[in-house]
Amino acid sequence: MSDAIRAETVFIGEEQIQAYQARPLDAGTVPGVVVIHHLPGFDEATKEIVRKFAAHGYSAICPNLFWREAPNAAPDDASAFVRGQGGIPDEQIIRDVATAAAALRALDNANGKVGAIGYCSGGRQALLVSTAVDLDAAVDCYGAFALEAPPAGAGLKTQPIKDRLQDVRCPVLGLFGADDQFPAPAEVARLAELMAQHGKSFEHHSYEGAGHAFFAVDRPSYRPQAAVDGWQRVFAFFGQHLEA
Amino acid sequence: MCTYETETVDIEGAGKGAAGWFDLTRAAVYVDHPQRAPFGHTVNIDFANPAAGPSARVAVELTEEAALALVAAIQRAIAHAPAGLASANTPV
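Protein chains in written order, with this note's numbering: chain G, 1 to 244; chain X, 1001 to 1092.
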């Protein structure tokens, strides 16, 4: 049994969107995971997460959600540029994640199951795509503005997801920091209530002593205990729903 | 937290980025996670020219104290100069 992986930039779908892909080279079929990057963009930290999934036996791919607006720009420049334009429309995110999921299912060693995971704004997008993309599991890591749109002054194209929750197609895992204000614990509780009302599977955990971005190893917000436990829950959840 | 709040303002001037000097047309100011500064949140300012592409940007990430001190310093510098000297309407 080999633990070798192959990681590289690829271009996917008819529109040839840039993406970063990592996959195990061992024989046998494997599930797929779409990694949805955070607002700071298609950066080194996100690519490390893609490789982590491959090392754990998943084919993983992260589409560059800012590719259309800022092709070949540095991740921080792309993020600032997109932010200045009000962000990315939800329908475009759904389309790019669907393209990424299809690319994973088209791999020769795919087992046909695909999950999605996102961090920060990507956490919100993971919940969003669970309502519209053919996924088998989704993980929302501290996504804010899922229920309500951001303040009008923010000038973002983001729309609330709360009216789409009846369309959630797969089990969802939510991981949050108890000290976070976006999303605040009350918003997480409200999300759990709404998911329950719609009969959706929503497992969620809030970590004491952790705020926003506790998984981010390159930022002061990193909280090792929450992150270590969170990763265990992510792999247990994907193991349950993606490994046939 | 991610605030997502962004204040934008049209500006006139020039800035020096990775590829040299360029005209500035837009500034964005937001309190959010920095890319580089070793703090959880900073006041981030992008001086940019969106028409020239994403790389036409001069970025700074300041603590709240630094940002407010900078605002005060800008106001003092303008106050100490002859009125209107740096105005766009002043003939050269």
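Every residue gets a Cβ at the ideal spot worked out from N, C-alpha and C, and that includes glycine.
In summary, the residues of the segment 1032 to 1043 of chain X whose CB is separated from some CB of chain G by less than 7 Å are H1033, Q1035, P1038, F1039, G1040, in the order they occur in the chain. Rounded to whole angstroms, the Cβ separation of V50 (chain G) and I94 (chain G) is 20 Å, and the two are not in contact under 8 Å. Of the residues X:A1083, X:S1055, X:E1065, the one whose Cα lies closest to the Cα of P71 (chain G) is X:S1055.
Of the residues G:K157, G:A106, G:N111, G:A100, the one whose Cα lies closest to the Cα of V133 (chain G) is G:A100. Across the structure, V139 (chain G) and L165 (chain G) are spaced so that their CA atoms are roughly 15 Å apart.
Annotation: the segment 141 to 187 of chain G contains the following complete segments of the beta strand (DSSP E) (minimum length 3 residues), in chain order: 172 to 177. The Cβ atoms of Y142 (chain G) and C120 (chain G) sit closer than 9 Å to each other. Listed in chain order, the non-local C-beta contacts of P183 (chain G) below 8 Å within the same chain comprise Y142, G143, A144, F145, A146, F176, L191, local neighbours out to five positions each way being set aside. Residues of the segment 162 to 179 of chain G that bring their beta carbon within less than 7 Å of a beta carbon in chain X are absent altogether. Excluding five sequence positions before and after A1037 (chain X), the CB atoms of its chain that fall closer than 6 Å to its own CB belong to E1061, given in chain order. For R1076 (chain X), the enclosing alpha helix (DSSP H) starts and ends at 1064 to 1080.
Residue state for K1016 (chain X) is assigned as strand, using DSSP reduced to three classes.
At the C-beta level, A227 (chain G) and F215 (chain G) come within 9 Å of one another.
In terms of Cβ geometry, T1063 (chain X) and V1043 (chain X) form a close pair [threshold 9 Å]. Per DSSP, the continuous alpha helix (DSSP H) segment holding K52 (chain G) begins and ends at 44 to 55.
Annotation for D167 (chain G): T131, A132 place their beta carbon closer than 8 Å to its own, counting only its chain and skipping 5 residues before and after.
For G122 (chain G), the enclosing alpha helix (DSSP H) covers residues 121 to 130.
Residues of the segment 92 to 121 of chain G with a Cβ closer than 9 Å to any Cβ of chain X, in chain order: C120, S121. Under DSSP, R6 (chain G) takes part in a beta bridge, and its partners are G:R23.
S1055 (chain X) has no beta-bridge partner at all, per DSSP.
For E1012 (chain X), the closest Cβ of chain G is not nearer than 9 Å. Only exposed fits P1082 (chain X), as fewer than 16 other CB atoms lie within 10 angstroms of its CB. Apart from the 5 residues on each side of it in sequence, A73 (chain G) sits with its Cβ closer than 7 Å to the Cβ of F81 in its chain, given in chain order.
If you look at H241 (chain G), you'll find it in the alpha helix (DSSP H) that goes 224 to 242. Among the residues of chain G, none has a CB under 8 Å from the CB of T1025 (chain X); the nearest is roughly 11 Å distant.
Taking 9 Å as the CB threshold, E148 (chain G) stays off the interface with chain X. For S221 (chain G), the chain X residues whose C-beta falls within less than 7 Å of its own C-beta are G1040, listed in chain order. Here the alpha carbons of G1017 (chain X) and I17 (chain G) stand approximately 27 Å from one another.
Counting only residues of its own chain and dropping the five nearest sequence neighbours on each side, A1019 (chain X) has a CB closer than 7 Å to the CB of S1055. Within the segment 220 to 244 of chain G, the residues whose Cβ lies closer than 8 Å to any Cβ of chain X are, in chain order, P220, S221.
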